[in-house]
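Residue numbers (full-length UniProt numbering): 1 to 287.
Structure first, commentary second.
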């Protein structure tokens with residue numbers, strides 16, 4: 001069995017690249033080992049299609065050559081390009097808005113009364129993609145904490161894909177992105193960019209975010225604890241054992257009572273007993 005990328009010619013379709021069983025099994029094993037991401041067989045078409053551009057850039061004619069390169073001394077350096085090609089980055093501002101309502105009302109607003117004791121807030125956007133999620137968090141934070149004056153407030157935004165991190169750090173988005181941002185936030189936190197079809201996130205919001213590359217499958221360099229962690233539509237790429245390990249590590253990085261936000265298709269049932277559900281796909285650390 002193979003999956004191919006085809007091009008149309010005068011004589012009909014011509015097979016350009018073939019992704020055979022052996023090569024796909026190797027790529028799936030390599031991705032699992034390096035990142036924890038599971039590539040099941042039904043994703044073979046996707047893997048083939050997304051890697052074709054990379055093979056062309058390297059001047060390779062077959063997937064077997066690419067697999068040989070990954071096995072060799074260049075393999076470790078190629079991981080970033082492989083991950084950038086395969087991972088999906090579909091997001092928008094204030095996606096699943098109930099999470100941001102909960103963050104504002106149940107996590108941030110109560111902290112105003114605690115300011116003299118602990119004027120520090122840390123929120124982690126794990127799998128931040130092109131930045132819409134961490135900017136949504138930062139806008140919510142600035143609103144709830146009255147501009148964050150006097151607060152040591154920070155959003156850590158991490159992703160394994162360096163391409164999307166660069167886009168997030170730039171803070172530039174198409175005009176259409178405004179449709180997903182509440183009007184009151186648009187006026188306060190969004191500026192017109194030099195490009196006619198772009199908008200720029202305001203400096204006061206950009207200053208609240210630190211974009212960093214992080215492979216969730218590797219060691220985490222962060223030392224402090226977080227008040228909330230957003231890990232939405234990330235765990236779906238991992239198998240159950242990897243999910244259990246991931247959520248246990250998240251619990252270790254949350255304050256007791258801290259909140260973990262998951263994607264709409266994700267659940268902790270049968271995966272972790274260290275959280276309790278407090279709202280739709282919102283969980284509080286209890287142990």
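Built from N, CA and C at the ideal position, the CB exists for glycine as well.
This structure is a prediction, so every number in the text was calculated from the model and none was measured.
- In this structure, residue 210 sits near residue 156, with a CB-CB distance shorter than 8 Å.
- Distance from the Cα of residue 225 is smallest, within the candidate group 267, 258, 243, 36, for 258.
- Here residue 74 carries a coil assignment [DSSP, helix/strand/coil].
- In the structure shown, the three-state DSSP call for residue 125 is strand.
- Classified as exposed, residue 76 has fewer than 16 neighbouring CB atoms from the shown chains inside 10 Å of its CB.
- The criterion of a C-beta distance shorter than 8 Å is satisfied by residue 230 and residue 261.
- A Cβ-Cβ contact shorter than 8 Å links residue 91 with residue 129.
- Around the Cβ of residue 29, a 10 Å sphere holds fewer than 16 other Cβ atoms; the residue is exposed.
- C-alpha of residue 150 to C-alpha of residue 287: approximately 31 Å in a straight line.
- Secondary structure at residue 94: coil, using DSSP grouped into helix, strand and coil.
- Excluding residues up to 5 positions away in sequence, 44 lie with their Cβ nearer than 6 Å to the Cβ of residue 24 in the same chain.
- Minimum Cα-Cα distance from residue 108 among the listed residues 208, 145, 274, 282 corresponds to 145.
- At least 8 Å separates the beta-carbon of residue 216 from that of residue 254.
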